[in-house]
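Note that the protein sequences, when read in sequence, are chains A and B. Counting in my numbering, the first sequence runs from 1 upward without gaps. Counting in my numbering, the second sequence runs from 1001 upward without gaps. All C-beta atoms, glycine included, are put in the ideal place defined by N, C-alpha and C. Here is the structure we will look at, set down as structure tokens.
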Amino acid sequence: MNGNALYDLVRETPQIATLPSVYTELSRLISLRDGNATNVARVVSMDPGLTVRLLRMVNSPFYGFTHRIDTVTHAVSVIGFEQLKQLALATTVVQMFRAMPEHLINMESYWRHSVATAICSRFLGRLLRFNNVERMFVTGLLHGVGSLVICINRPKLARRVFIRVRNSDQTLHEVERDLLGFDHADVAAALMKKWSLSPAQIEAVGYKHRPSEAPKFAKEASILHLSNIVASSLNMGSIGGHAVAPMDEEAWESLGLNPATMTSAVWEIEDQFEDLLRVFSS
Amino acid sequence: MNNEDNPEDSGVTEAEKRDRVDEILSNRFKRVNLEHPAMAALYKEAVRHWMEQEELVER
């Protein structure tokens, strides 16, 4: 399937093709670099639900602040503009897919896997001294949205995909490629491009199954690839298939990690999983 | 004491639980190169994780 056809698939899903105006305005304001915390708080306050979700998140044990953060202005001052934008994106997208019909995919299982992948992505980003670890968190959280788009737009094909995944040794993306000619990573990358997310996020998701081939953001793609593998090995849900994908060993080498990192990554996920799942489920 | 401490309480012995975990993980890791040190480390940790699950229901 060519790029235009992928974008058509995304466009055919109007309920998710565009991000809510509050988020786009927040993103615009922060990208101008002339926003101040008061302006950002004013924009966020246009969506009371977003305000509550953001504050719940920054007050969760995930951040570990010893004092309570009661206002968006305060939240900006402690986590920064870009991080706030990423958290707003995360909670916004989770809300957008909340009404997803569950006859094809178990959404609880879907978000469990996404949250576990997100925690691991953030952990590896921090270990590798990335500047914006929240961006890695959100990349992990959203890496499977292509699967949801396929379920919405091609439900009959999605059903065939899931049946074959259950009855074969193939991974989800391999079956999608066989039956659809593209996979959920391609769809997610097209959707994220439509949302004007960062090139690093788009490429990481688009190349998560073949990270060593990523042209510019191979490290981000490799982190997501590994995080998906780690999450798939645990009892923490799935986006449509339980098989752990074979690891891209070139990608592993390129990150220069120690095998013991795998143990630490699992501990990090287990430590933060329930708290974060609660934040996104409420 | 919970079932994790004494699996017999749930009618499942530790050995039976380990067999079931091995079955789940051998299916999940079927195409993974477990000779690779990173994947060997992950497999070992996954066994520990699954053995600590109260119920072996894949979620």
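Legend entry - Exposed unless 16 or more other CB atoms sit within 10 angstroms - verdict on glycine 241 of chain A: buried
Inset, instruction - Report, in whole angstroms, the separation of the C-beta atoms of phenylalanine 65 of chain A and valine 76 of chain A, which I expect to be a contact under 8 Å. - result: With a Cβ gap of about 13 Å, phenylalanine 65 of chain A and valine 76 of chain A do not count as contacting.
Legend entry - Nearest residue (CA-CA) to valine 43 of chain A, options A:Asn59, A:Glu25, A:Leu54: A:Glu25
Inset, instruction - Could you name the residues of chain A that arginine 1018 of chain B contacts, counting a contact when the two beta carbons are closer than 8 Å? - result: Per Cβ cutoff of 8 Å: no residues; arginine 1018 of chain B is ~15 Å from chain A at best.
Inset, instruction - Measuring only between beta-carbons, confirm whether methionine 1051 of chain B sits less than 8 Å from chain A. - result: no
Legend entry - Alpha carbon of arginine 1028 of chain B to alpha carbon of alanine 243 of chain A, nearest angstrom: 4 Å
Inset, instruction - Could you check if glycine 1060 of chain B is buried or exposed, using at least 16 other CB atoms within 10 Å of its CB as the buried criterion? - result: Residue 1060 of chain B cannot be examined here, being either before or after the span of chain B that is shown, 1001 to 1059.
Inset, instruction - Scan the segment 99 to 127 of chain A for residues whose Cβ lies nearer than 8 Å to a Cβ of chain B and list them as they occur along the chain. - result: Glu108, Ser109, Arg112
Legend entry - Burial state of proline 211 of chain A, where buried means 16 or more other Cβ atoms lie within 10 Å: buried
Legend entry - Proximal residues, the segment 8 to 24 of chain A versus chain B, C-beta separation under 7 Å: none
Legend entry - Separation of glutamine 201 of chain A from glutamate 1045 of chain B, as counted between CA atoms: 28 Å
Legend entry - Sequence-distant residues of its chain with Cβ nearer than 6 Å to serine 233 of chain A (five each side left out): Val244
Inset, instruction - Establish whether the CB of threonine 263 of chain A and some CB of chain B are separated by less than 8 Å. - result: yes
Legend entry - Near-chain B residues of the segment 211 to 243 of chain A - C-beta to any C-beta below 9 Å: Leu226, Ile229, Val230, Ser232, Ser233, Leu234, Asn235, Met236, Gly237, Ser238, His242, Ala243
Legend entry - Cα-Cα separation, glutamate 1004 of chain B to threonine 117 of chain A: Residue placement at glutamate 1004 of chain B is poorly supported in this model, since its pLDDT is 48, which falls under 50; the coordinates still yield a value, given next. Distance between the alpha carbons of glutamate 1004 of chain B and threonine 117 of chain A is about 26 Å.
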